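Undergrad: Sending over a structure as structure tokens; questions will come in a sec.
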Amino acid sequence: TLVTSLMFFSGVQLLSIGILGEYVGRIFDEVKQRPIYLVASEHGRGLSVADETPHV
Numbered sequence: 001t002l003v004t005s006l007m008f009f010s011g012v013q014l015l016s017i018g019i020l021g022e023y024v025g026r027i028f029d030e031v032k033q034r035p036i037y038l039v040a041s042e043h044g045r046g047l048s049v050a051d052e053t054p055h056v
């Protein structure tokens, strides 16, 4: 019975550490403040190359 209870409480501890790790990982991802998605290419209206160069 001692071994069984020790294994049970060890399992509960490991589960708690795993849940805590998930929260810490999600907080770490939030703190990095990276965008949710990246734009691979743009379509539609925009500035042409001639409009982007400054006229001096």
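Residue numbering for the sequence shown follows the working numbering, starting at 1 and increasing by one per position. Even glycine gets a Cβ: it sits at the ideal position worked out from N, Cα and C. Just so you know, these numbers come straight off a predicted model, no measurement behind them.
1) What did DSSP end up calling Ile17 once you bin it into helix, strand or coil?
2) Please state whether DSSP places Ser41 in a helix, a strand or coil.
3) Express the C-alpha separation of Arg26 and Ser11 in angstroms, rounding to a whole number.
TA: Taking the structure as given:
1) In the sequence shown, the residue the question calls residue 17 occupies position 17. DSSP places Ile17 in helix when its eight states are reduced to three.
2) For the purposes of this step, residue 41 is taken as residue 41 along the sequence shown, with counting starting at 1. Per DSSP, reduced to three states, the secondary structure at Ser41 is coil, with no helix or strand assignment.
3) As a working note, residue 11 is residue 11 in the sequence shown. As a working note, residue 26 is residue 26 in the sequence shown. It should be noted that the sequence gives Gly, not Ser, for residue 11. Gly11 and Arg26 have their C-alpha atoms roughly 23 Å apart.
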